[in-house]
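So the protein sequences, as listed, match chains A and B. The first sequence finishes on residue 382 if you use this note's numbering, and the numbering steps up by one all the way, no holes. The second sequence finishes on residue 65 if you use this note's numbering, and the numbering steps up by one all the way, no holes. I have placed the structure first, in the form of structure tokens, so that the comments after it can refer back to it.
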Amino acid sequence: MLSRTAPPRVDPPPLPHVRGPLSAAVLAALRGEPALRADPAGADPYGDDLQLALYCCYELHYRGFAGVPDDREWAPGLLALRREIERVFEAALRRDVPAGDGSVDGVERELDGLLVEPVEGRGPSWHLRRDGELWQLREYVAHRSLYHLKEADPQAWVIARLDGPAKAALVTVEHDEYGAGDPDRMHARLFADMMDALGLSTAYGHYLDAATAATLAEVNFMSLCGLHRRLRGALIGQFATVELTSSPGSDRLVRAMRRLGCPEQAIAFYDEHIEADAVHEQIIRHGVIAPLLAAEPHLADDVVFGIRGSGFLGERFGDQVLDAWEQGRPTLRVPLPDAPALAGSTR
Amino acid sequence: MTDAREVVVTADGPVLITGPVEVVLPDGSRVRSDRPVTALCVCRRSRKAPFCDTSHRRKVRATEGADHDEETRAQPHRTAAR
């Protein structure tokens, strides 16, 4: 199906600003400047510098950056540095989330845990539904744009690493994410429409400088698991976590937007996800994970790592956002114009 | 005779039907779903009826005080509405 609207020109985003020695080294390499020394080993694995450096390395595999030659995607120096950074990030996650028990039943229990809804929970969507303000909703959406403007892309890497029923079922979900053949129904497009309706920039990468390390870490975890065949089980676990927890959260955000009087064009994205992800949950559980673990039972712990890793990073993001909001502080590094004025630093 | 359409009854949730469906409601109105798979609500709690919105899920009430915080925080990731 062809789009009813003319496709927009695709312009790669500009390079972001440096946040420390690692991101300085990556950005110098991207610009083709002389190599800078950088040692990821001592860096904060969840900090701004490391997460931005990693995000920039990964972005070469998606849309690239303005002024950076496409071929730099495979520059050996950058790939070597990326590998060092990834090791630090993955080691921290493996330290911070408990490992699975190696059994397929353990994966089932983990999934069951995701399917229980608290009557009253804690998180940005709970807050926004209850009494969040419009500037907070706009901040939340700006953070989420780092992923949603390339929604389903990190998970598409795993298709070639699967086989048989698991592959067919995963592609069914991805097909739906990409609008089932209708570019105007692509989830990334619906997200951009929502941003537009909320007065946010829909330009790809526009909020990269504004995004916090916690936001980047969630997207980096998807790219890490998507780009490494070794982590295909973790990618499936990550995808399952999103699909299983998305319906109720999307419902809360729809109610938040209705309460705040947002236009229907803004509401459509999360409204679509209530129903779509109720279906995706079933397909991922029964169509992807079950046959994947039947074919490769040794991947059980990787699936658990993907579930717990994305849960851990999602909670960090949520806690940071709520802590800032409770103190009336903006969460974006570059605050939106309608956010409250800064009393001190937000960093 | 054509192949029968597969309809999957899940243990705890919706009924899954492959392909586009047109659902006829009690008042005679029709709702269409063009999804590759449609999840039809059978618990009757969906606010998106006749389609599933995961309202069938078990709800847990957090207990008071310190336990409250512990219980909600121990939940493995409730916050990432996509």
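Glycine is no exception: its CB is placed at the ideal position from the N, C-alpha and C atoms.
Same chain, Cβ closer than 8 Å to residue i, five either side skipped, listed in chain order
| i | result |
| --- | --- |
| PHE347 (chain A) | LEU128, ASP131 and VAL132 |
| ALA289 (chain A) | Ala is not the amino acid found at residue 289 (chain A); the sequence shown has Val there. ILE302, TYR305, ASP306 and ILE309, listed in sequence order. |
| ALA63 (chain A) | PRO69, ALA70 and LEU71 |
| SER236 (chain A) | MET230 and TYR242 |
| VAL(-10) (chain B) | VAL(-2), LEU(-1) and ILE0 |
| THR366 (chain A) | GLU174, HIS178, THR247, GLN355, VAL356, ALA359, TRP360 and THR381 |
| ALA134 (chain A) | ASP336, VAL339 and PHE340 |
Within chain B, partners of residue i - CB distance below 8 Å
| i | result |
| --- | --- |
| VAL53 (chain A) | The contacting residues do not exist; VAL53 (chain A) stays about 28 Å from chain B at best. |
| ALA325 (chain A) | Near ALA325 (chain A) there are no residues of chain B at all, since even the closest Cβ is about 12 Å away, more than 8 Å. |
| ALA215 (chain A) | ASP17, ARG18 and PRO19 |
| HIS210 (chain A) | PRO19 |
| LEU233 (chain A) | Residues of chain B passing the Cβ test: none, with the nearest at roughly 15 Å. |
| LEU197 (chain A) | Residues of chain B passing the Cβ test: none, with the nearest at roughly 17 Å. |
| LEU367 (chain A) | Chain B residues near LEU367 (chain A): none, gap ~17 Å exceeds 8 Å. |
Interface residues of chain A facing residue i [CB-CB closer than 8 Å]
| i | result |
| --- | --- |
| THR21 (chain B) | VAL314 |
| THR(-7) (chain B) | GLN317 and HIS321 |
Under 9 Å from the C-beta of residue i: neighbouring residues of chain A
| i | result |
| --- | --- |
| LEU8 (chain B) | Residues of chain A passing the Cβ test: none, with the nearest at roughly 16 Å. |
| PRO(-3) (chain B) | ALA313, VAL314 and GLN317 |
Neighbourhood of residue i by C-beta distance below 7 Å, restricted to the same chain and skipping five residues each side
| i | result |
| --- | --- |
| LEU87 (chain A) | PRO51, ARG54, SER58 and LEU251 |
| GLY48 (chain B) | Low confidence applies to GLY48 (chain B): its pLDDT is 40, below 50, so where it sits in the model is not reliable enough to give any reading. |
| CYS260 (chain A) | LEU266, ALA269, LEU270, GLN273 and GLY341 |
| GLU361 (chain A) | none |
| ALA313 (chain A) | SER282 |
| GLY99 (chain A) | PRO47 and ASP105 |
| GLU5 (chain B) | ARG13 and ARG15 |
| HIS152 (chain A) | In the sequence under discussion, the amino acid at residue 152 (chain A) is Glu, which differs from the His named in the question. Hits under 7 Å: PRO283. |
| ALA245 (chain A) | ALA177, LEU367, ARG368 and VAL369 |
Residue i versus the options, residue with shortest Cα-Cα distance
| i | options | result |
| --- | --- | --- |
| VAL277 (chain A) | A:HIS96, A:ILE319 and A:LEU85 | A:ILE319 |
| LEU(-1) (chain B) | B:PRO33, B:ARG41, B:LYS42 and B:VAL43 | B:PRO33 |
| LEU184 (chain A) | A:VAL45, A:LEU113 and A:PRO56 | A:VAL45 |
| ARG267 (chain A) | A:GLN300, A:GLU361, A:ASP198 and A:ARG224 | A:ASP198 |
| ALA374 (chain A) | A:ARG173, A:GLY141, A:PHE340 and A:THR280 | A:ARG173 |
| ASP74 (chain A) | A:VAL369, A:VAL123 and A:ASP166 | A:VAL123 |
| ALA101 (chain A) | A:ALA275, A:TYR239 and A:ALA329 | A:TYR239 |
| ALA330 (chain A) | A:ALA249, A:GLN355, A:ALA201 and A:ARG368 | A:ALA201 |
| PRO159 (chain A) | A:ARG368, A:PRO370, A:ALA78 and A:GLU350 | A:GLU350 |
| SER258 (chain A) | A:ALA63, A:LEU146, A:CYS297 and A:ARG117 | A:ARG117 |
| ARG157 (chain A) | A:ASP147, A:ALA376 and A:VAL356 | A:VAL356 |
| TYR97 (chain A) | A:LEU71, A:VAL254 and A:PRO80 | A:VAL254 |
| PRO80 (chain A) | A:VAL103, A:GLU121 and A:ALA335 | A:GLU121 |
| GLY167 (chain A) | A:ARG294, A:GLY284, A:ASP83 and A:PRO332 | A:ARG294 |
| MET230 (chain A) | A:TYR93, A:MET292, A:PRO365 and A:LEU114 | A:MET292 |
| THR(-7) (chain B) | B:VAL6, B:THR(-15), B:ARG30 and B:CYS35 | B:CYS35 |
| ASP147 (chain A) | A:ALA246, A:ASP354, A:GLU316 and A:PRO47 | A:GLU316 |
| PRO47 (chain A) | A:PHE352, A:LEU95, A:TYR90 and A:LEU85 | A:LEU95 |
| THR37 (chain B) | A:VAL339, A:SER285 and A:LEU114 | A:SER285 |
| ARG107 (chain A) | A:MET221, A:GLY67, A:LEU225 and A:ILE324 | A:GLY67 |
| LEU163 (chain A) | A:ALA245, A:GLY296, A:LEU328 and A:TYR90 | A:GLY296 |
| VAL142 (chain A) | A:TRP161, A:VAL151, A:GLU119 and A:VAL339 | A:VAL339 |
| CYS91 (chain A) | A:ALA78, A:ALA76, A:LEU114 and A:GLY77 | A:LEU114 |
| VAL145 (chain A) | A:PRO326, A:PRO370, A:HIS333 and A:ALA275 | Before going on, a small fix: residue 145 (chain A) reads as Glu here, not Val. The option with the nearest alpha carbon to GLU145 (chain A) is A:ALA275. |
| LEU8 (chain B) | B:HIS39, B:LYS31 and B:ARG40 | B:LYS31 |
| LEU85 (chain A) | A:HIS321, A:GLU119, A:LEU149 and A:ALA311 | A:GLU119 |
Chain-ordered chain C contacts of residue i [CB-CB under 8 Å]
| i | result |
| --- | --- |
| ASP36 (chain B) | The structure shown contains no chain C; the protein chains it does contain are A and B. |
Chain-ordered chain B contacts of residue i [CB-CB under 9 Å]
| i | result |
| --- | --- |
| THR207 (chain A) | PRO19 and VAL20 |
| LEU172 (chain A) | Within 9 Å Cβ-Cβ: nothing; LEU172 (chain A) doesn't reach chain B, min ~12 Å. |
| LEU251 (chain A) | Under the 9 Å cutoff, chain B gives no residues; its nearest Cβ is about 14 Å from LEU251 (chain A). |
| LEU113 (chain A) | By Cβ distance, chain B contributes nothing, its closest Cβ being about 29 Å from LEU113 (chain A), past 9 Å. |
Nearest-angstrom beta carbon gap, residue j and residue i [assumed within contact, 8 Å]
| i | j | result |
| --- | --- | --- |
| LEU181 (chain A) | LEU243 (chain A) | 7 Å |
| PRO(-3) (chain B) | ASP17 (chain B) | Contact flag wrong, Cβ pair sits at about 17 Å. |
| THR207 (chain A) | VAL20 (chain B) | 7 Å |
| ALA335 (chain A) | VAL139 (chain A) | 5 Å |
| THR247 (chain A) | ARG368 (chain A) | 6 Å |
| PHE352 (chain A) | ALA249 (chain A) | 4 Å |
| ARG44 (chain B) | VAL154 (chain A) | 5 Å |
| ASP211 (chain A) | ALA311 (chain A) | 6 Å |
Own chain partners of residue i with C-beta closer than 6 Å, once the 5 adjacent residues on each side are dropped
| i | result |
| --- | --- |
| ALA60 (chain A) | LEU71 and ALA73 |
| MET189 (chain A) | What sits at residue 189 (chain A) in the sequence shown is Pro, not Met. Closer than 6 Å at the Cβ level, and outside the excluded window around PRO189 (chain A), lie MET257, SER258 and GLY261. |
| PRO337 (chain A) | According to the sequence provided, residue 337 (chain A) is Asp. The question's Pro does not apply to it. GLY268 and ALA269. |
| ALA232 (chain A) | PRO298, GLN300 and ALA301 |
Beta-carbon neighbours of residue i, restricted to chain B and to distances below 7 Å
| i | result |
| --- | --- |
| LEU57 (chain A) | Chain B residues near LEU57 (chain A): none, gap ~26 Å exceeds 7 Å. |
Fully enclosed by the stretch 107 to 193 of chain A, which beta strand (DSSP E) runs are 3 residues long or longer? none
Residue ranges of each alpha helix (DSSP H) run of no fewer than 4 residues wholly in the stretch 276 to 318 of chain A, ordered along the chain? 299 to 317
Which residue spans inside the stretch 77 to 106 of chain A form an unbroken alpha helix (DSSP H) run of at least 4? 83 to 94
3 or more residues per run - each beta strand (DSSP E) lying fully within the stretch 334 to 359 of chain A: none
List, from N- to C-terminal side, the alpha helix (DSSP H) runs of 4 residues or more that fit wholly inside the stretch 193 to 260 of chain A. 199 to 212 and 222 to 232
Which runs of the beta strand (DSSP E) at least 3 residues long sit entirely within the stretch -8 to 18 of chain B? Give them in chain order. -2 to 1, 4 to 7 and 13 to 16
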